[in-house]
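Residue numbers (the numbering used here): 8 to 370.
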């Protein structure tokens, strides 16, 4: 059997990296097609000897793109197609491909919750986008949700039958992560990894850090980039944290950076669909703190394998940071870190790939 994965972009991102890891660990015959843009992850896929198809077509050439994907499905004798980026056009293609090739299994992969897929309101363009996404998800043969939270949002907002949805948690290559329970660094090393957009809540972390007593010694590394970076850089200066906060930009050595950290913080103010970086940090054996957002409580169990706080509650976060720094080497915190490592193993990329292989291979 042959399987085709539709991706809107091959740039550096969570979905692209997940697809690359899936291709490496999968035991079925996958092809990854990029109708418009390749990118850094596309090149990594090629270097890993994955079957990559770059069409390099114009996004304006809607009919030409559809015809090209038709040809790939016909020539390669594709058995199932998966759309990953929740692109309204690619989802619409998925429905049209099903009509042209009724024997092909169509799968829509929900990498975020239904509300985020349809984001925005008001203008006609967004109304059409929402309609296309919702109808496409209703018409495909199978939907994959990355968390229970995402699954419930699809049932509630898209009115999709629960029987049509399969829950597959994202996976992490645990073997890449150092799992040694090292003592706290001096100063304590705090880290965030992810996109720099307002919804990710890095500004909440900065406000919490500002409230730590001056005597507490810490550094904060921000790994990632995005449209909100310049705003965050101004906030760092306004809060007087310039000597302690470092913007590292996009980095490919995240496992090494996590191994050098003590505390990982993820403070989204949106409803997070999963939280792959949390699992990576858990696998590294460091303390993890996250907001009670979306699917994060499915990963972090408060005071068991990490710590949770209310979304946007920077004073509550400050207290968690203070206790984590002061008590880092206590037996209580070591137990939490050991539990985190055990939790991360439940989200292994091997299990993820095996589960997705099974779903795609089903008739």
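The beta carbon of each residue, even a glycine, is placed where N, CA and C say it ideally should be.
Legend entry - Cβ-heavy atom distance, residue 311 to the ligand HEM, below 7 Å: Judged by which ligands are present, the structure shown has none, so any question about the ligand HEM falls away.
Legend entry - Rounded Cβ spacing between residue 316 and residue 299 (contact assumed at less than 8 Å): Along the chain shown, read from residue 1 onward, the residue named residue 316 stands at position 309. Along the chain shown, read from residue 1 onward, the residue named residue 299 stands at position 292. 7 Å between Cβ atoms; contact.
Legend entry - Helix, strand or coil at residue 225 [DSSP, three-state]: Reading the chain shown from its first residue, position 218 is the one you call residue 225. Residue 225 falls in the strand class under three-state DSSP.
Legend entry - CA nearest to the CA of residue 185, picked from 222, 61, 92, 348: For this step, residue 185 is matched to residue 178 along the chain shown. The residue with the shortest Cα to Cα distance from residue 185 is 348.
Inset, instruction - Assign residue 29 to buried or exposed, taking buried as 16 or more other Cβ atoms, counted over all protein chains shown, within 10 Å of its Cβ. - result: For the purposes of this step, residue 29 is taken as residue 22 along the chain shown, with counting starting at 1. Answer is buried; the Cβ neighbour count reaches 16.
Legend entry - Cut-off 6 Å between Cβ atoms - residues of its own chain near residue 336, not counting five sequence neighbours on either side: Working through the chain shown from its first residue, we reach residue 336 at position 329. Around residue 336: 190, 191.
Legend entry - Beta-carbon proximity list for residue 90, same chain, < 6 Å, skipping 5 on both sides: Translated into positions along the chain shown, residue 90 becomes position 83. Within the same chain, residue 90 has close Cβ partners 13, 97, 98, 101, 115.
Legend entry - Meets three-Cβ-pair contact criterion under 8 Å: the stretch 163-178 and the stretch 340-355: yes
Inset, instruction - From the DSSP output, in three-state form, read off residue 336 for me. - result: The residue labelled residue 336 in the question sits at position 329 within the chain shown. Of the three classes helix, strand and coil, the one that applies to residue 336 here is coil, per DSSP.
Inset, instruction - Look at the alpha carbon of residue 174 and the alpha carbon of residue 154, and state the distance between them as a whole number of angstroms. - result: Taking the first residue of the chain shown as position 1, residue 174 is located at position 167. Taking the first residue of the chain shown as position 1, residue 154 is located at position 147. Straight-line Cα distance between these residues: approximately 6 Å.
Legend entry - Cβ neighbours of residue 344 in the same chain (closer than 8 Å, five flanking residues each side left out): Here the question's residue 344 lines up with position 337 in the chain shown. 188, 292, 293, 294.
Inset, instruction - Take residue 129 and list the residues in its own chain whose beta-carbon comes closer than 8 Å to its own, dropping the five residues that flank it on each side. - result: As a working mapping, residue 129 is identified with position 122 in the chain shown. Model confidence at residue 129 stands at a pLDDT of 49, short of 50, so the residue's coordinates are unreliable; what they give is reported in the following sentence. For residue 129, where only same-chain residues beyond five positions count, there are no Cβ hits under 8 Å.
Legend entry - Nearest neighbour of residue 320, chosen from 280, 275, 341, 360 [CA to CA]: In the chain shown, the residue the question calls residue 320 occupies position 313. Checked all of 280, 275, 341, 360; the closest Cα to residue 320 is 275.
Inset, instruction - Have a look at residue 313 and residue 265 and give me their C-alpha separation to the nearest angstrom. - result: Numbered from 1 along the chain shown, position 306 holds the residue referred to as residue 313. Numbered from 1 along the chain shown, position 258 holds the residue referred to as residue 265. Between residue 313 and residue 265, the C-alpha separation is close to 15 Å.
Legend entry - Rounded C-alpha distance that separates residue 210 from residue 202: Here residue 210 is taken as the residue at index 203 of the chain shown, counted from 1. Here residue 202 is taken as the residue at index 195 of the chain shown, counted from 1. Taking the straight line from one Cα to the other gives about 13 Å.
Inset, instruction - List in chain order: all unbroken alpha helix (DSSP H) runs of 4+ residues lying wholly within the stretch 207-289. - result: 209-217, 236-245, 261-266
Inset, instruction - Consult DSSP for residue 129 and reduce its assignment to one of helix, strand or coil. - result: Position 122 of the chain shown, counting from 1, holds the residue named residue 129. For residue 129, the predicted model reports a pLDDT of 49, less than 50, meaning its position is unreliable and no value from the coordinates is stated.
Legend entry - Coil, strand or helix - residue 195 by DSSP: Along the chain shown, one-based indexing puts residue 195 at 188. Reduced to three states, the DSSP call for residue 195 is strand.
Inset, instruction - Can you grab the Cα-Cα spacing for the pair residue 331 / residue 238, in whole Å? - result: The sequence position of residue 331 within the chain shown is 324, counting from 1. The sequence position of residue 238 within the chain shown is 231, counting from 1. Answer to the nearest angstrom: the Cα atoms are 28 Å apart.
Legend entry - Residues of its chain near residue 42, where Cβ-Cβ distance is below 6 Å and the 5 sequence neighbours each way are ignored: Reading the chain shown from its first residue, position 35 is the one you call residue 42. The residues are 62, 64, 72.
Legend entry - Other residues of its chain near residue 117: CB distance less than 7 Å, five sequence neighbours each side excluded: The sequence position of residue 117 within the chain shown is 110, counting from 1. These residues qualify, in order along the chain: 150, 151, 152, 153, 157, 161.
Inset, instruction - List the DSSP bridge partners of residue 36. - result: For the purposes of this step, residue 36 is taken as residue 29 along the chain shown, with counting starting at 1. In the DSSP output, where bridge partners are listed per residue, residue 36 has 9.
Inset, instruction - Go ahead and pull the three-state DSSP assignment for residue 53. - result: Here residue 53 refers to the residue found at position 46 when the chain shown is read from its first residue. Helix, per DSSP.
Legend entry - CB contact flag (residue 19, residue 257, <8 Å): As a position in the chain shown, residue 19 is number 12, starting the count at 1. As a position in the chain shown, residue 257 is number 250, starting the count at 1. Yes, they are a contact pair.
Legend entry - Pairwise C-alpha distance: residue 126 and residue 208: For this step, residue 208 is matched to residue 201 along the chain shown. For this step, residue 126 is matched to residue 119 along the chain shown. Taking the straight line from one Cα to the other gives about 18 Å.
Legend entry - Residue range of the unbroken alpha helix (DSSP H) whose run includes residue 99: By 1-based counting over the chain shown, the position of residue 99 is 92. 95-107 is the span of the alpha helix (DSSP H), which, as asked, contains residue 99.
Legend entry - Completely contained alpha helix (DSSP H) runs for the stretch 292-349, where each covers 4 or more residues: 303-306, 321-333
Inset, instruction - Check residue 156 in the structure and name its three-state DSSP category. - result: Against the chain shown, residue 156 aligns to sequence position 149. Helix at residue 156.
Legend entry - Cβ pair residue 40, residue 11 closer than 8 Å: Taking the first residue of the chain shown as position 1, residue 40 is located at position 33. Taking the first residue of the chain shown as position 1, residue 11 is located at position 4. In contact: residue 40 and residue 11 (Cβ atoms closer than 8 Å).
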